Amino acid sequence: MRRGRSHPLGATVLCDGVNFSVYSRNCTSMELLLFDSADSTHPSRVITLCPNLNRTGNYWHTFVPGLNPGQIYAFRAHGPYEPEKGLLFDPGKILLDPYGKAVAVPDGYSRRAACGRGENTPTAMKNVVADPRTYDWEGDSPLKRPFSRSVLYEMHVRGFTRNPNSGVSPEKRGTFAGLVEKIPYLKELGITALELLPVFQFDWQDCPEGLVNY
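Using our numbering, you'd call the opening residue of the sequence shown number 317 and step up by one each time.
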């Protein structure tokens with residue numbers, strides 16, 4: 317293990333290992349947990365970050381040699397439990413990397429265990445180290461259209477295509493394939509770019525009062 321860098325945030329694949337960086341202003345101690353699989357009940361390795369070595373400002377970071385894309389990981393943060401101040405640290409909780417590029421969901425995932433206090437390692441979502449440089453764009457390339465000529469439309473794929481009045485084929489409603497059917501309509505409106513949200517693993521239930529994994 318080496319000191320690592322505070323930037324960029326998340327898990328960054330380098331030639332000889334992976335750099336990890338996460339932000340926490342009130343954390344007093346941070347642990348990086350490495351797992352053999354998403355269903356592992358215990359981490360195979362626990363790396364405790366040293367405040368004097370692995371902290372720059374409010375960024376906790378480390379470099380772990382020999383790790384590769386596909387490595388399962390998560391964090392565990394120690395700190396004060398003072399609900400009246402909005403501080404709800406729980407050292408038993410597995411925390412996702414807010415800048416993680418991929419998520420692994422165990423077969424026994426439990427939202428209830430994630431919401432309550434205490435240990436939830438066997439049933440917690442975990443991150444996966446991913447290297448975006450290896451993605452195959454299949455010959456696609458940016459259009460390089462200037463912002464001054466761009467009209468952006470932000471949408472949720474399901475919300476835009478699921479309803480019968482969307483005009484999408486019944487078997488494709490709520491899917492990316494269904495959204496493709498709407499491209500002529502969007503072009504007719506003058507839309508030049510879509511912003512899809514979200515297109516990654518997320519907790520479908522809004523919890524404005526009881527925040528989970530923030």
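Think of the CB as a built atom: it goes at the ideal place given N, C-alpha and C, for glycine as much as any other residue. All figures in this text were calculated on a predicted structure; none of them were measured in a lab.
Please name the residue or residues paired with residue i in a DSSP beta bridge.
i      : result
Arg321 : According to DSSP, which records beta bridges pairwise, Arg321 is partnered with nothing at all.
Asn335 : Thr328, Phe379
Thr372 : Tyr375
Ile363 : Leu348
Val484 : Note: Val484 sits in no beta bridge, so no partner.
Lys411 : With the sequence shown as reference, residue 411 is identified as Leu, and Lys is not the correct amino acid for it. For Leu411, which the question treats as bridged, DSSP gives the partners Phe391.
Ala420 : Lys442
Tyr469 : Leu510
Could you spell out where the alpha helix (DSSP H) holding residue i opens and where it closes?
i      : result
Arg428 : 427-431
Ala493 : 492-497
Thr477 : 473-477
To the nearest whole angstrom, what separates the beta carbons of residue i and residue j, a pair I think is in contact under 8 angstroms?
i      : j      : result
Leu349 : Val362 : 6 angstroms
Gly416 : Ala327 : 7 angstroms
His377 : Ser322 : 5 angstroms
Val445 : Val334 : 6 angstroms
Quick one: give me the first and last residue of the beta strand (DSSP E) that residue i is part of.
i      : result
Phe391 : 388-394
Glu454 : No beta strand (DSSP E) holds Glu454; DSSP gives it neither H nor E.
Phe405 : Run containing Phe405: none; DSSP gives neither H nor E here.
Glu347 : 345-351
Ala509 : 509-512
Asn443 : 442-444
Given that a residue counts as buried once 16 or more other Cβ atoms are within 10 Å of its Cβ, and exposed if not, what is residue i?
i      : result
Tyr389 : buried
Phe463 : exposed
Ile499 : exposed
Ala509 : exposed
Asn479 : exposed
Gly320 : buried
Ser360 : exposed
Lys503 : exposed
Arg433 : exposed
Arg392 : buried
Lys460 : exposed
Asp413 : buried
Lys401 : exposed
Cys331 : exposed
Ser340 : buried
Val421 : exposed
Phe516 : exposed
Ser485 : exposed
Val329 : buried
Any beta carbon of chain D sitting closer than 8 angstroms to that of residue i?
i      : result
Asp332 : This model lacks chain D altogether, as it is built from one protein chain only.
Sufficient close CB pairs (3 or more, under 8 angstroms) joining the region 440-452 to the region 482-502: no
At least three beta-carbon pairs within less than 8 angstroms, the region 417-436 to the region 369-376: no
At least three beta-carbon pairs within less than 8 angstroms, the region 502-516 to the region 469-478: Under the Cβ criterion (8 angstroms, minimum of three pairs), the region 502-516 counts as touching the region 469-478.
Sufficient close CB pairs (3 or more, under 8 angstroms) joining the region 402-411 to the region 431-441: Touching, yes, given that three or more Cβ pairs across the two stretches are closer than 8 angstroms.
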